[in-house]
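Notes follow the structure.
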DNA sequence: GTCTATATACGGATAGAC
DNA sequence: GTCTATCCGTATATAGAC
């Protein structure tokens with residue numbers, strides 16, 4: 001750390017992302033300055049522009065990377081065959097993934113307003129892909145006769161809002177174990193769409 | 001409107017609040033300047049300081065007023081006696097109140113990070129009061145034997161997150177009528193905590 | 001109560017040395 | 001790749017005239 005100048009591309013790049021997501025989650029995109037992010041990383045503000053063309057791209061990349069890795073993680077999960085098991089699987093997956101990335105989740109949900117129209121559209125498409133995954137499960141369950149909902153799209157959004165809301169108050173170091181939280185939410189989700 | 005100077009306290013005061021809540025809902029607190037709010041009201045930036053000591057107070061007042069009027073509206077509702085009817089009543093009340101004040105709801109949920117510690121604490125207390133209202137209903141239903149949840153506090157937060165999430169996508173001029181939306185959510189809520 | 005003008009600070013982004 | 005220095009715009013908030 002004594003060194004004041006030099007090349008650290010491999011190290012600095014990830015550090016910029018990490019510092020940005022943490023600071024933006026805490027204070028909000030508009031309230032965080034490039035100078036703050038730079039200070040957190042341990043460089044001067046000008047150096048950040050070796051890693052992002054501008055502040056907007058920094059935000060967009062954070063959100064896109066989060067959603068892409070969410071979708072990618074979901075796609076590589078082994079899926080059960082019947083709808084009830086698939087719903088339980090989705091619920092557990094969603095809770096675990098989101099609790100393990102509290103800052104990213106927060107940014108991805110709170111900073112949509114600060115995206116340019118073009119970037120917003122891309123992020124919305126990714127989010128829609130994720131909603132489709134849950135909606136497919138609900139539709140399958142209705143076909144199987146084990147679920148009943150009046151509108152699968154609305155129910156999908158309602159369930160995701162319920163599950164994601166957990167990120168707004170639950171911290172993994174809290175009194176309730178994640179296992180227990182999962183059990184509580186599983187019970188709510190299962191019954192909410194039960195036939 | 002030709003007039004450039006004069007006293008308009010009764011008119012300007014509410015206009016400042018209205019402009020602030022709309023602009024903050026759209027762009028975020030940190031991204032909105034006092035100059036923007038002033039332009040929306042039709043005065044110069046300096047004039048705003050006749051109505052708020054600073055920008056922080058403007059935000060805090062918006063959020064406090066919203067929550068106080070939410071609690072006040074809820075308290076003046078006539079409550080049914082049995083738990084199932086009370087849950088349905090709460091659900092309908094919540095949806096209607098929140099859909100009729102989309103901007104305030106948005107600000108009250110999204111801008112918590114931008115409150116000072118002291119102001120945040122006050123807002124959190126008000127929110128807790130509202131959560132208590134729903135939790136009391138869930139507890140009553142369990143006592144009556146008509147509801148079953150593993151944890152009333154977690155279930156309360158889950159249900160409120162689900163209901164409030166509606167504000168994030170539903171617009172009253174959308175394809176789905178509010179009546180239908182209420183029916184869909186009522187079904188989900190009722191079943192989620194059913195015994 | 002509102003205006004104009006301004007004090008003072010900080011913002012994003014760039015240029016050029018090393 | 002990072003630094004220092006800087007351009008230029010905008011921010012909150014205040015002072016004093018009307």
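Protein chains in written order, with the UniProt record's numbering: chain A, 1 to 195; chain B, 1 to 195.
Just so it is clear, CB atoms sit at the ideal spot from N, CA and C, and this is done for glycine as well.
Predicted model, so just to flag it, every value in this text is computed and none were measured.
In this structure, the CA atom of residue 154 (chain B) is about 15 Å from the CA atom of residue 127 (chain B). Residue 158 (chain B) sits close to residue 165 (chain A), with the two beta carbons spaced by under 8 Å. Counting along the chain, the unbroken alpha helix (DSSP H) around residue 60 (chain B) starts and ends at 55-75. Contact between the region 102-113 of chain B and the region 55-63 of chain B is present: three or more C-beta pairs spanning the two stretches fall below 8 Å.
In the DSSP assignment, residue 14 (chain A) falls within the alpha helix (DSSP H) that extends over 9-27.
Using a Cβ distance threshold of 8 Å, residue 189 (chain A) and residue 91 (chain A) count as a contacting pair.
At a Cβ-Cβ threshold of 8 Å, residue 170 (chain A) and residue 160 (chain A) do not count as neighbours. At least one C-beta of chain A is nearer than 8 Å to the C-beta of residue 187 (chain B). Residue 119 (chain A) does not reach chain B, its nearest Cβ partner there being about 15 Å away, counting only Cβ pairs nearer than 7 Å. Looking at the backbone, the Cα of residue 77 (chain A) and that of residue 117 (chain B) are separated by about 41 Å. Restricting attention to A:8, A:114 and A:89, the CA atom closest to the CA of residue 81 (chain A) is found in A:89. Any Cβ of chain A closer than 8 Å to the Cβ of residue 154 (chain B) would place that residue at the interface, and such an atom is present. Look at residue 167 (chain A) here: in three-state DSSP terms it is helix. At a cut-off of 8 Å between C-beta atoms, residue 66 (chain B) does not count as an interface residue with respect to chain A.
In the displayed model, residue 194 (chain A) falls within a strand according to three-state DSSP.
Between residue 112 (chain A) and residue 123 (chain A) a beta carbon distance of about 7 Å is seen, short of the 8 Å cut, so the two are scored as contacting. Annotation: residue 25 (chain B) to residue 98 (chain B) spans about 14 Å, alpha carbon to alpha carbon. By the CB criterion at 8 Å, residue 59 (chain A) and residue 29 (chain A) fall inside the cutoff. Under the DSSP assignment, residue 141 (chain B) falls in the alpha helix (DSSP H) whose first and last residues are 117-144.
Ranked by Cα distance from residue 185 (chain B), the first of B:49, B:163 and B:8 is B:163.
For residue 147 (chain B), no alpha helix (DSSP H) segment is defined, and its DSSP state is neither H nor E.
Contact between residue 193 (chain B) and residue 143 (chain B) is absent: CB atoms are separated by about 13 Å, not below the 8 Å threshold.
Within chain A, the C-beta atoms nearer than 9 Å to that of residue 165 (chain B) come from 157, 158, 160, 161, 162, 164 and 165, in chain order.
Rounded to the nearest whole angstrom, the CA to CA distance from residue 72 (chain B) to residue 83 (chain B) is 21 Å.
The continuous stretches of alpha helix (DSSP H) do not include residue 82 (chain A), and DSSP gives it neither H nor E.
In terms of Cβ geometry, residue 114 (chain B) and residue 31 (chain A) form a close pair [threshold 8 Å].
Closest by C-alpha distance to residue 54 (chain B), out of B:34, B:129, B:168 and B:22, is B:34. Interface annotation, residue 171 (chain A): not in contact with chain B, CB-CB separation never under 8 Å. Looking at A:94, A:125 and A:87, the one whose alpha-carbon comes closest to that of residue 139 (chain A) is A:87. In its chain, beyond the 5 residues on either side, 135, 138, 139 and 142 have a beta carbon closer than 8 Å to the beta carbon of residue 152 (chain A). Scanning chain B for C-beta atoms nearer than 7 Å to the C-beta of residue 194 (chain A) yields 191, reported in chain order.
Only residues of its own chain outside the window of five on either side were considered, and among them 126 have a CB closer than 8 Å to the CB of residue 68 (chain A), listed in chain order. Any Cβ of chain A closer than 8 Å to the Cβ of residue 104 (chain B) would place that residue at the interface, and such an atom is absent. Annotated three-state conformation of residue 153 (chain B) is helix, per DSSP. As the crow flies, the alpha-carbon of residue 177 (chain B) is around 16 Å from that of residue 168 (chain B).
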